[in-house]
Structure formats: structure tokens, C-alpha cells
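Enquirer: Structure provided below as C-alpha cells; questions to follow.
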Amino acid sequence: MIAPQQPENSYKVGDRVEHDTHGAGTVIEASKHGAVVLFDRGNRGNFGTGPHLRPSDTPVPRGHDAAECVIRLKRLQKRYGGEIHKTSPVGGHASIYRATVDGEQVTVGIGDDGEPYTYTIKGGRKPLAEPAELVLVNPAHWHGEPIPVRQWYVPDMIPMRQVTLLTGDGGVGKSLLAAQIGAAGAMCVETLGLEPWGGKVIYLGAEDEADEFHRRLADIAKALGGDLSDLHLFRLLPAADMDALLSAPDKHGVMQPTALWLDFADFAESYEPKLIILDTSADLFGGDEIKRSQVRQFISMLRKLAIKINCAIVLLSHPSVAGMQTGTGTSGSTAWSNSVRARLYLTADKDDDNLRTLKGMKANYAAKGGELKLRWQEGAFVLDDGKPSPAAGLLAGAADKVFLRLLSAINGSGQNVSPNRSSSYAPTVMAKRPDRDGVSKKALEEAMHRSLAAGTAAVITEGSPSRQRQRLVVVADEVKQGRAALLPTVPSNGLPTPSNGAAHTPPITPVGVGNARPLEDGRQYQANNDNSEPAREAA
Numbered sequence: 123m124i125a126p127q128q129p130e131n132s133y134k135v136g137d138r139v140e141h142d143t144h145g146a147g148t149v150i151e152a153s154k155h156g157a158v159v160l161f162d163r164g165n166r167g168n169f170g171t172g173p174h175l176r177p178s179d180t181p182v183p184r185g186h187d188a189a190e191c192v193i194r195l196k197r198l199q200k201r202y203g204g205e206i207h208k209t210s211p212v213g214g215h216a217s218i219y220r221a222t223v224d225g226e227q228v229t230v231g232i233g234d235d236g237e238p239y240t241y242t243i244k245g246g247r248k249p250l251a252e253p254a255e256l257v258l259v260n261p262a263h264w265h266g267e268p269i270p271v272r273q274w275y276v277p278d279m280i281p282m283r284q285v286t287l288l289t290g291d292g293g294v295g296k297s298l299l300a301a302q303i304g305a306a307g308a309m310c311v312e313t314l315g316l317e318p319w320g321g322k323v324i325y326l327g328a329e330d331e332a333d334e335f336h337r338r339l340a341d342i343a344k345a346l347g348g349d350l351s352d353l354h355l356f357r358l359l360p361a362a363d364m365d366a367l368l369s370a371p372d373k374h375g376v377m378q379p380t381a382l383w384l385d386f387a388d389f390a391e392s393y394e395p396k397l398i399i400l401d402t403s404a405d406l407f408g409g410d411e412i413k414r415s416q417v418r419q420f421i422s423m424l425r426k427l428a429i430k431i432n433c434a435i436v437l438l439s440h441p442s443v444a445g446m447q448t449g450t451g452t453s454g455s456t457a458w459s460n461s462v463r464a465r466l467y468l469t470a471d472k473d474d475d476n477l478r479t480l481k482g483m484k485a486n487y488a489a490k491g492g493e494l495k496l497r498w499q500e501g502a503f504v505l506d507d508g509k510p511s512p513a514a515g516l517l518a519g520a521a522d523k524v525f526l527r528l529l530s531a532i533n534g535s536g537q538n539v540s541p542n543r544s545s546s547y548a549p550t551v552m553a554k555r556p557d558r559d560g561v562s563k564k565a566l567e568e569a570m571h572r573s574l575a576a577g578t579a580a581v582i583t584e585g586s587p588s589r590q591r592q593r594l595v596v597v598a599d600e601v602k603q604g605r606a607a608l609l610p611t612v613p614s615n616g617l618p619t620p621s622n623g624a625a626h627t628p629p630i631t632p633v634g635v636g637n638a639r640p641l642e643d644g645r646q647y648q649a650n651n652d653n654s655e656p657a658r659e660a661a
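Quick note on this note's numbering: the sequence shown kicks off at 123 and runs consecutively.
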């Protein structure tokens with residue numbers, strides 16, 4: 123009896139098939155009377171022709187396309203060497219054996235998740251950087267297509283899909299400023315005259331604990347017209363109590379991502395924020411900040427994520443001593459500034475503790491050199507309108523009193539001080555005295571100008587015509603001691619002129635001279651100027 127002829131196999135390599143027990147798989151070998159199938163679950167089987175298999179439209183899982191794996195492994199082989207072995211012991215995926223990575227023999231492969239890895243018995247499995255496939259563009263193909271509009275997280279300040287560097291001295295408030303911009307984006311509101319892109323935000327803070335962020339964000343939300351419940355699009359990772367390095371060099375000096383960065387990047391990909399704030403580079407960058415290659419690799423790692431998920435990344439950093447002295451705000455290698463496409467510098471005012479200036483130090487995609495004047499107020503920043511705050515007014519008034527008191531004491535001791543810059547310059551002399559109550563030279567200088575303008579202080583000229591010198595005095599002291607005649611001469615109309623040398627100060631008419639009328643407290647009005655203010659008495 124002749125056995126029935128077995129039907130020929132209709133499947134070819136690469137076909138997707140389905141099995142009742144093993145599920146979907148891909149034909150990896152095919153002959154006239156059978157096929158070898160690699161199933162998505164990792165097992166494999168040899169099947170003859172018959173009803174065991176049927177066609178399937180289930181897509182190939184990531185990393186299971188044998189042909190694609192071989193192409194990717196050839197690129198890995200060019201970089202690391204070794205040999206390609208098409209069937210690994212488990213799962214049947216192609217792997218490279220006997221490759222040398224970081225000086226040791228390892229197995230290189232592509233995992234079920236589609237990502238390349240290295241494996242050693244001692245070190246276990248680790249992610250492996252895969253060489254990117256070159257994609258060359260012919261600009262002529264863009265002809266006739268719409269020109270893409272550049273996207274900004276903050277217009278003309280923080281570009282999307284790039285890393286922006288925000289530098290500032292310690293304690294100047296760069297963390298507060300970054301958090302305020304991010305909170306405004308999460309709340310979809312404006313702040314400081316800026317319009318951030320409304321959407322999700324992630325803040326990784328390596329310098330502060332959760333309680334500090336709680337207080338800070340509560341103040342910020344209040345300043346923005348809301349409360350903490352409005353920050354539901356804001357995600358915070360306080361990392362002050364952990365190793366916050368995102369990248370560190372291997373033994374060859376090549377920067378490698380840490381486990382924290384891999385986890386952080388995975389979350390960012392799933393959360394899809396519009397802004398990521400990283401605070402600060404001193405805690406997050408594990409390389410040498412003066413090594414240009416390591417800095418560029420770190421910035422490149424951040425930019426890769428920004429491009430992948432279409433977001434902006436703001437990296438906070440401290441300037442070096444030289445960067446602070448030159449006003450550039452730079453630190454370490456020039457690669458920090460050269461690798462980013464935008465750089466901002468936040469500085470504090472030398473005399474006003476609550477005043478800040480935000481300068482645009484680099485802007486590849488916008489005009490350079492813009493600046494904002496900011497003022498700290500109740501836990502957040504507001505735009506400074508140039509007008510002195512009530513607190514600043516009180517400080518100025520206190521400085522005026524200290525200035526007049528010191529000037530009176532100096533003159534009483536027989537020492538002369540001058541309003542002109544010299545060895546006897548009044549603010550310089552006063553700044554050296556222990557009884558100045560902590561008032562700075564700059565504040566004393568400003569108080570001198572205010573006192574001269576208000577008429578509570580004046581400049582008198584003494585000596586013979588050939589040896590004249592100027593001396594700064596308290597007007598009330600001169601009047602009290604009967605020396606008012608030495609004050610700047612005022613003509614009959616009461617107006618100062620260049621010829622009498624008093625054009626730079628308001629006229630003060632001595633008691634008993636002209637039409638002046640004395641007040642009970644010793645001050646005086648000009649009779650010919652009903653709107654003039656009385657000279658303030660020295661404190």
C-alpha cells in the first residue's frame with residue numbers, strides 16, 4: 123500500500139503563524155515539508171505540514187524581528203568586535219559572542235524589550251549604548267514644504283527640545299525662579315511677564331528636602347493666584363537624601379547613564395512633560411566639569427531625552443569664582459555654555475537684598491542680552507517696577523539719619539569731610555567708623571545725595587581765595603551754632619545760580635536773612651516759595 127503524499131509546506135521564512143498551544147510566532151526556517159517556528163514567548167518548535175499552524179496577523183514584538191536584530195547587531199559588531207551567532211541558547215535571538223566591551227569579554231545581545239545589553243557572569247546584565255543609524259537629509263526635498271515653526275517653552279528664552287542652562291550664585295534664588303516658571307506652566311498662567319507652555323512639569327531637586335519644596339511651592343502657588351491643588355500637573359522628585367548622579371564616567375572616561383537616570387527617563391517618557399527642571403548640575407553630573415568631552419556627553423544625554431519626548435530641559439548650575447567676577451556666570455569648561463542653545467544668568471543686587479536681575483547670556487534662536495528685573499516678595503518673585511518698596515523707603519530713611527548723625531559727629535571732632543571723591547570723601551570716612559550701624563558705603567553715598575537734595579546737608583567753601591576748600595556740613599548744626607552765613611549764598615530772589623556756587627543744592631536762607639520765617643523746631647521755609655519743603659532736622 124502506498125502512503126499518501128505529504129502536502130508541501132506553504133510557509134516561508136518571516137511568515138507570522140499561530141499555534142493553538144504556543145500562540146503567535148515567526149517562521150525562522152522553512153523546507154519543502156516543514157517549518158521551524160520561533161514563538162513570541164521564547165520557545166521554538168519544528169512542525170511538518172498539516173493543521174498545526176495557521177496564518178497570523180499578530181505584529182512581531184519589539185526586538186523579535188530576526189532580520190532587524192541582525193542588522194542592529196552588525197552595527198554593534200563594528201564598534202565592539204566579536205562574532206554574530208544567530209541562535210542564542212535562550213529564545214533564539216541573535217547575539218554577539220566573545221565581544222570586548224570596556225576591556226572584558228562579554229556577551230552582547232538585544233533583549234526582549236528591543237534594547238541592546240551586555241552580560242557577564244560577574245557584573246550581570248547592563249544596558250549598552252547603541253550606535254545610531256546615520257540618516258542623511260537632502261535639503262532639496264524640503265522645497266515647497268511648510269517651514270516648521272520654532273517651538274518655545276518660554277518665548278525667546280527657553281527653547282523646546284533643547285537644554286537651557288540657568289546659572290546663579292548660591293542662595294540667589296535660581297531654584298525658586300525655576301520652580302516658579304514650572305509652576306506657572308503647570309497652572310497654565312503667566313508669571314513675571316512670561317508665558318510658559320501650559321502642561322506637565324517634572325522637577326528633580328537634589329538640594330532640598332520635600333518639606334522645603336512644600337513651603338516653597340505653597341508660596342509660589344499663592345503668588346500665582348492659586349493654591350497647591352492647582353499643581354496637579356507638577357511632579358516633584360526630592361533627592362537631597364539620595365545619590366542623585368544621573369551620569370558618571372566609566373574607567374575609560376566615557377560618561378554612562380546611571381540607574382537613576384534610566385528610571386527617570388522611563389518615567390518622563392510615560393508622563394510626557396513639557397518641561398523638566400534638573401537642580402543642580404553639581405549633584406547630577408558625576409564627571410569632571412573641566413573635561414569638555416564629559417560635559418558634552420552629559421548635555422547630549424539630556425538633549426536626547428528632550429528631543430525624544432518633545433520637551434524643554436532647564437539645568438541649574440553654580441558659576442565659578444571667575445564666572446562671578448567677570449559677570450559671565452560660566453563655570454568649568456566652556457563646553458557647558460557651548461553645548462546648550464540658551465543660557466540664563468541670575469544675579470543679586472549688591473545693595474538691595476531682594477532685587478535680582480535675570481540676563482540672557484546666550485540665545486542661539488533669539489536676540490541675546492535681554493534682562494528682567496525681579497524682586498523677591500513673600501516667597502516668590504515679582505517684576506520690579508523700579509520704585510522703592512515700603513521696606514526700601516524705611517531703609518533709606520534710616521540710612522539718612524545715620525549719615526547726618528555721623529556727619530555731625532565728624533564735624534564736631536574737628537575733622538573735615540568732602541562730597542568729592544578723595545581721601546576725605548565722606549562716605550569712605552564714614553564706612554570705616556564702628557558707629558555706622560552696619561550701613562554700607564553705597565547706602566551712605568546715596569544718603570549723602572538725598573540729604574544734599576533735601577537741604578539737610580550742604581557744602582560750604584572756606585579759606586582764602588587762593589586756597590579754598592569745600593566742607594560737608596549738617597545745615598541744622600550750622601544754623602544752631604550761628605554759622606548760617608557760611609552756607610551757600612542765595613540771591614534776593616532765593617534761587618541758586620552757577621555764579622553763587624549753589625546750583626547743585628536747594629536754597630537754604632539763614633534765619634534773619636531775607637524773607638525767611640523760622641519754625642518752632644528750628645527749621646525754615648522760604649517765604650518766596652510756598653510749595654517748598656522744610657529742611658529736615660538732623661537725627
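Note that beta-carbon positions come from the ideal geometry of N, C-alpha and C, so glycine has one too.
Return the first residue and the last residue of the alpha helix (DSSP H) that residue 349 is part of.
Expert: Counting along the chain, residue 349 falls outside any alpha helix (DSSP H), and DSSP gives it neither H nor E.
Enquirer: Between the alpha carbons of residue 482 and residue 343, how many angstroms are there, rounded?
Expert: Rounded to the nearest angstrom, the two C-alpha atoms are 25 Å apart.
Enquirer: List the endpoints of the continuous beta strand (DSSP E) containing residue 313.
Expert: No beta strand (DSSP E) holds residue 313; DSSP gives it neither H nor E.
Enquirer: Quick check on this structure: which residue in 311, 273 and 335 has the alpha carbon closest to the alpha carbon of residue 298?
Expert: It is 335.
Enquirer: Hey, how far is the Cα of residue 621 from the Cα of residue 590?
Expert: Model confidence at residue 621 stands at a pLDDT of 41, short of 50, so the residue's coordinates are unreliable; what they give is reported in the following sentence. Going from the Cα of residue 621 to the Cα of residue 590 covers about 16 Å.
Enquirer: Any idea if residue 433 is buried or exposed, counting beta-carbon neighbours within 10 angstroms, 16 or more meaning buried?
Expert: Flag for residue 433 reads buried.
Enquirer: Would residue 601 pass as a contact of residue 582 if the rule is Cβ separation under 7 Å?
Expert: In this structure, residue 582 does not lie closer than 7 Å to residue 601 by Cβ.
Enquirer: What would DSSP say about residue 372, mapped onto helix, strand or coil?
Expert: Of the three classes helix, strand and coil, the one that applies to residue 372 here is coil, per DSSP.
Enquirer: Could you check the C-alpha separation between residue 632 and residue 570 for me, to the nearest Å?
Expert: Summary for residue 632: the model assigns pLDDT 41, below 50, so the residue's position carries little reliability; its value from the coordinates is reported in the next sentence. Each residue's alpha carbon lies about 21 Å from the other.
Enquirer: Look at the alpha carbon of residue 377 and the alpha carbon of residue 554, and state the distance between them as a whole number of angstroms.
Expert: Approximately 52 Å, taken between the alpha carbons.
Enquirer: Rounding to the nearest angstrom, what Cα-Cα distance links residue 331 and residue 382 in this structure?
Expert: If you take the alpha carbons of residue 331 and residue 382, they lie about 18 Å apart.
Enquirer: Return the CA-CA distance between residue 316 and residue 467, expressed in angstroms with no decimal places.
Expert: Each residue's Cα considered, the two are about 16 Å apart.
Enquirer: What are the boundary residues of the alpha helix (DSSP H) that includes residue 571?
Expert: Run containing residue 571: 563 to 576, per the alpha helix (DSSP H) assignment.
Enquirer: Enumerate in chain order the residues of its own chain whose CB-to-CB distance from residue 506 is below 7 Å, with the five nearest sequence positions on each side excluded.
Expert: Counting only Cβ-Cβ distances below 7 Å, and skipping sequence neighbours, we find 477, 495, 496 and 497.
Enquirer: Please work out which residues of its chain come closer than 6 Å, Cβ to Cβ, to residue 137, disregarding the five sequence neighbours upstream and downstream, and give them in chain order.
Expert: 149, listed in sequence order.
Enquirer: Taking the alpha helix (DSSP H) that residue 405 belongs to, which residues open and close that run?
Expert: Segment 403 to 406, the alpha helix (DSSP H) holding residue 405.
Enquirer: Rounded to the nearest angstrom, how far is the Cβ of residue 306 from that of residue 346, given a contact under 8 Å?
Expert: Right, the Cβ-Cβ distance comes to about 6 Å (below 8 Å), so this counts as a contact.
Enquirer: By DSSP, does residue 214 sit in helix, in strand, or in coil?
Expert: For residue 214, the pLDDT reaches just 48, beneath the cut-off of 50, and the residue's location in the model is therefore unreliable, leaving the point undetermined.
Enquirer: Have a look at 256, 308, 175 and 375 and flag the residue whose alpha-carbon is nearest the alpha-carbon of residue 134.
Expert: For the residues 256, 308, 175 and 375, the minimum Cα distance to residue 134 belongs to 175.
Enquirer: Within 10 angstroms of the Cβ of residue 100, are there 16 or more other Cβ atoms? Answer buried if so, exposed if not.
Expert: One cannot answer for residue 100 here, as it falls past the ends of the chain, which runs 123 to 661.
Enquirer: Look at the Cβ atom of residue 287, then the Cβ atom of residue 296, and state whether they are nearer than 7 Å.
Expert: No.
Enquirer: Flag this pair as yes or no: are the beta carbons of residue 561 and residue 524 separated by less than 7 Å?
Expert: The answer is yes: Cβ separation under 7 Å.
Enquirer: Closer than 6 Å by C-beta to residue 349: which residues in its own chain qualify, once you throw out the five before and the five after it? Chain order, please.
Expert: The residues are 343.
Enquirer: Quick one: what does DSSP say residue 533 is sitting in, helix, strand or coil?
Expert: Here residue 533 sits in helix by DSSP.
Enquirer: Based on Cα-Cα distance, which residue from 373, 480 and 395 lies nearest to residue 325?
Expert: Closest by alpha carbon: 395.
Enquirer: Apart from the five residues just before and just after residue 146, which ones in its own chain have a Cβ nearer than 8 Å to its Cβ?
Expert: Excluding residues within five positions, the ones whose Cβ falls inside 8 Å are 138, 139, 140, 161, 162, 178 and 180.
Enquirer: Give the single residue among 542, 275 and 203 whose Cα lies nearest to the Cα of residue 226.
Expert: Nearest C-alpha to residue 226: 203.
Enquirer: How big is the Cα-Cα spacing for residue 584 and residue 563?
Expert: So the alpha carbons of these two residues sit roughly 26 Å apart.
Enquirer: Given a threshold of 16 other Cβ atoms within 10 Å of its Cβ, counted over all protein chains shown, does residue 130 qualify as buried or as exposed?
Expert: Result: exposed.
Enquirer: Counting only the same chain and skipping the five closest in sequence on each side, list residues whose C-beta sits under 7 Å from that of residue 274.
Expert: For residue 274, where only same-chain residues beyond five positions count, the Cβ hits under 7 Å are 280, 281 and 282.
Enquirer: In terms of DSSP beta bridges, what is residue 229 paired with?
Expert: Partner(s): 241.
Enquirer: How would you label residue 77, buried or exposed, when you count the other beta carbons within 10 angstroms and need 16 or more for buried?
Expert: Residue 77 is absent from the model: the chain starts at 123 and stops at 661.
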